[in-house]
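A short write-up of the structure that comes next.
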Amino acid sequence: MPLRSSTEFVDHYRVINQQGERVLSEEELRVLFALIDAPDYNPRNALIIKLALLFGCRIGELLKAKMTDFDFTKGIWTVPPENHKTGRKSKKPIIRPIISAAEELIKTAKKLSHGSDYLFIVSEGKPLCVGGHTVFITTLNKKMALKFENYTHWSIHDLRKTMRTGVAELTQPHVAEIMLGHKLPGVWQVYDKHIYLEEQREAYERWWNKVNQIVYPSPNPEYPAGQS
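When we follow UniProt numbering, the leftmost residue of the sequence shown carries the number 1, and every step to the right adds one.
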């Protein structure tokens with residue numbers, strides 16, 4: 001499926017911004033990846049950003065994740081009910097497929113966690129607290145603001161909005177909502193218990209390929225999106 005032009009993306013995102021939704025444009029994504037792919041950038045922080053953008057997950061789901069939540073044999077990331085918003089009521093996990101690019105990112109993060117049970121840690125193997133990302137997101141915003149006029153700062157949650165907007169043309173709406181961990185609307189959720197795992201997997205593949213084409217337009221990028 002062909003990508004929209006850069007102009008089409010910016011125009012679309014500008015409309016969303018006017019509605020109070022912050023979605024990163026193609027050019028902003030390119031600048032962001034140039035910053036986080038720099039050799040001197042903190043690799044842990046780069047991995048958090050890439051995985052948040054890839055999965056469109058809530059930051060708490062990612063920062064609370066343990067290595068036991070990832071089954072690479074089955075290619076599944078299970079988000080326990082206590083780690084996600086809708087799980088508080090549903091008591092059900094979110095089941096997400098792990099595409100090959102995500103597996104590479106997760107395994108790289110594991111190496112940086114020095115044997116901790118958690119995927120992302122601070123000192124002494126303790127998990128990075130939810131909210132612990134705000135400092136490096138603020139720093140990135142300050143650097144990105146130098147590249148654009150009338151720049152609006154984005155939050156980590158806006159990567160989720162960016163993913164949902166970008167994946168809209170790549171899969172059916174109900175699949176996109178399941179990818180985000182949302183409940184299906186109305187009676188749909190009552191009668192449709194399918195998790196659409198293969199449809200999700202295909203959509204994630206298409207989405208990350210799309211991101212690669214946006215942030216690394218040259219045929220031989222120095223930093224593939226699956227690496228930090």
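All C-beta atoms in this analysis are idealised placements derived from N, C-alpha and C, irrespective of residue type, glycine included.
### Task
Compute the distance between the beta-carbons of LYS136 and PRO127, then report whether it is under 9 Å.
Before going further, note that residue 136 is Phe rather than Lys in the sequence given. It is not a contact, given that the beta carbons lie outside the stated cut-off.
### Query
Between the Cα of GLU104 and the Cα atoms of GLU124, PHE70, PRO80 and ILE94, which residue gives the shortest distance?
For GLU104, the closest alpha carbon among the candidates GLU124, PHE70, PRO80 and ILE94 is that of PHE70.
### Residue range of the beta strand (DSSP E) that includes ILE95
94-97
### Residues sharing a beta bridge with residue 303, DSSP
The question about residue 303 has no answer, for the chain in this structure spans 1 to 228.
### Query
Hey, is LEU35's beta-carbon within less than 9 Å of any beta-carbon in chain B?
This model lacks chain B altogether; it includes just one protein chain.
### Task
Starting from the C-beta of TYR191, find all residues in its chain whose C-beta is less than 8 Å away, skip the five residues before and the five after it, and write them out in chain order.
Residue placement at TYR191 is poorly supported in this model, since its pLDDT is 35, which falls under 50; the coordinates still yield a value, given next. Nothing listed; no residue qualifies.
### Message
From the DSSP secondary-structure annotation, give me the bridge partner or partners of ILE121.
### Response
PRO127.
### Task
Figure out for me which residue from LYS64, CYS57 and LYS50 has the closest Cα to the Cα of SER116.
When only C-alpha atoms are compared, the closest one is LYS64.
#### Entry: Neighbourhood of VAL167 by C-beta distance below 8 Å, restricted to the same chain and skipping five residues each side
GLY56, ALA176, MET179, ALA203, ARG206 and TRP207
### Task
Find the nearest neighbour of PRO81 within the set LYS74, GLU61, GLN213 and TYR216, judged by alpha-carbon distance.
GLU61
### Query
Looking at the structure shown, is VAL23 part of a helix, part of a strand, or coil, going by DSSP?
Residue state, collapsed to three classes: coil.
### Query
Hey, would you say ILE214 sits closer than 9 Å to ARG22, going by beta carbons?
no
#### Entry: C-alpha gap between ILE99 and ASN212, whole angstroms
14 Å
### Exposed unless 16 or more other CB atoms sit within 10 angstroms - verdict on ALA38
exposed
### Query
When you compare each of PRO43, ILE195 and ILE59 to LYS85 by their alpha carbons, which one comes out closest?
ILE59
### Query
Roughly how many whole angstroms lie between the Cα atoms of ASP40 and MET144?
Pairing ASP40 with MET144, the inter-Cα distance amounts to about 17 Å.
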